[in-house]
Amino acid sequence: MRLISISPILKCFITRRINRFVTMVKCFDREYPALNTNTGRLPGLLTPGRVAYCVRKGTGKLPLRLLGVNTSKGVALTDVYVQMRSFERAVELGAIPWLANCVITRRNPKVGGSRLDYLIKCLSSDVWVELKSAVLIHGDNLAGYPDCLSLRGRRHVMELIKLSREGRRALMIFVAAVPGVKGFKPYELGDPEMPALLKEALRSGVSIKAIGISGVVERNSLSTYLWSSDLPVYL
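Using our numbering, you'd call the opening residue of the sequence shown number 31 and step up by one each time.
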């Protein structure tokens, strides 16, 4: 299902990654710094020569924002805000059956010392939701998270565990933003504690789900599509 479209986009090529937030891209025979909103290591994606799709930012020191990169099966969406906007649209359209009776009531709600991504209402029940980007491919064609040590990610899982133990509904959603993966599995080599922490979350009553979203270039725009509303999760 088509979710959102972004235009006009620029077709560029990755040249090198400067740091967590800046990736150099070549567009029209000139090199530009592009904002990368995904702070993971993104192994295998930001490789020199890979086709990348960017949009002009309009303000700030970085003229471009990196949206995604080509893979053999389609466009992997690296931009976390594109992932979030796509998720929000999917909820709005009722495209995710297990969220069919839900509406987003608040973004970035504060919980303890953290901020989660959403507070949603499903019928008469509030649900605290955290989204995580899974663009790493590992194992038997599985999307993985995290691709590096994530203290912030651990803290979010622990906040969800606490909420669930207090009797409130908590939900972790992994966005597999790479096309064609078979499912989701936490990446132990990225953060050795994450698999056990997610198992503890599940035992504590936290719901753990995964969805598949990727991009398609259509003329001068990048459209995102929900290709799986309930991707298998392997813990």
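Even glycine gets a Cβ: it sits at the ideal position worked out from N, Cα and C.
Compute the Euclidean distance between the alpha carbons of residue i and residue j, then round it to the nearest angstrom.
i    : j    : result
L96  : C84  : 5 Å
S163 : D59  : 31 Å
F117 : R182 : 21 Å
F43  : D156 : 43 Å
F51  : C178 : 15 Å
F214 : G88  : 35 Å
R233 : L265 : 11 Å
S237 : C57  : 43 Å
P127 : E61  : 44 Å
I39  : G98  : 11 Å
A240 : P176 : 14 Å
E196 : Y255 : 36 Å
K41  : G79  : 12 Å
P73  : C152 : 36 Å
F235 : T53  : Phe is not the amino acid found at residue 235; the sequence shown has Gly there. Each residue's Cα considered, the two are about 39 Å apart.
G174 : K103 : 17 Å
P93  : R86  : 6 Å
T77  : L166 : 13 Å
V105 : V246 : 6 Å
L146 : E189 : 9 Å
G70  : P222 : 15 Å
Considering Cα atoms alone, identify which of the options is closest to residue i.
i    : options                : result
M253 : G213, L107, I44, R47   : A small fix is needed here, since residue 253 is Ser in this sequence, not Met. That would be L107, whose Cα lies nearest to the Cα of S253.
L172 : L75, R119, Y217, R233  : Y217
Y111 : L65, S237, M202, G220  : L65
R136 : W158, L123, L129, G143 : W158
H168 : G220, P38, M31         : G220
Y148 : E248, M114, F51, Y264  : M114
R249 : R32, D260, S37, V263   : S37
M224 : D260, L92, M202        : M202
K91  : P63, T69, L33, S237    : P63
T67  : N49, P209, G104, P127  : N49
P209 : L94, G70, I39, N100    : N100
F204 : K41, G74, G79, L228    : L228
A130 : V105, D109, I150       : I150
A82  : R145, R185, P222, V55  : V55
I191 : E230, R145, R32, L33   : E230
L161 : S154, G242, A226       : G242
D109 : R46, W257, L75         : L75
A207 : S194, A226, S259       : S259
Whole-angstrom Cβ separation of residue i and residue j, contact assumed at under 8 Å?
i    : j    : result
V121 : C132 : 6 Å
P262 : K212 : 7 Å
S180 : S35  : Contact flag wrong, Cβ pair sits at about 31 Å.
R185 : S144 : 6 Å
Considering residue i, what are the terminal residues of the beta strand (DSSP E) in which it resides?
i    : result
M202 : 199-206
G174 : 172-174
R32  : 32-36
R60  : 60-65
F43  : 40-47
D57  : The sequence given here has Cys at residue 57, not Asp. From DSSP, the beta strand (DSSP E) with C57 extends over 52-57.
L76  : Looking at the DSSP string, L76 is not in any beta strand (DSSP E), and its letter there is neither H nor E.
G98  : 94-101
Y255 : 251-258
Quick check: is the beta carbon of residue i nearer than 8 Å to any beta carbon in chain B?
i    : result
V208 : Included in the structure is just one protein chain, with no chain B present.
Can you tell me where the alpha helix (DSSP H) with residue i in it begins and where it stops?
i    : result
L193 : 181-195
Original post:
What runs of the beta strand (DSSP E), each 3 residues or longer, lie entirely inside the region 103-168?
Top reply: 104-107, 132-137, 148-152, 155-164, 166-168
**OP:** Any chance you could list the alpha helix (DSSP H) runs of at least 4 consecutive residues sitting entirely within the region 208-247, in chain order?
**Re:** 224-233
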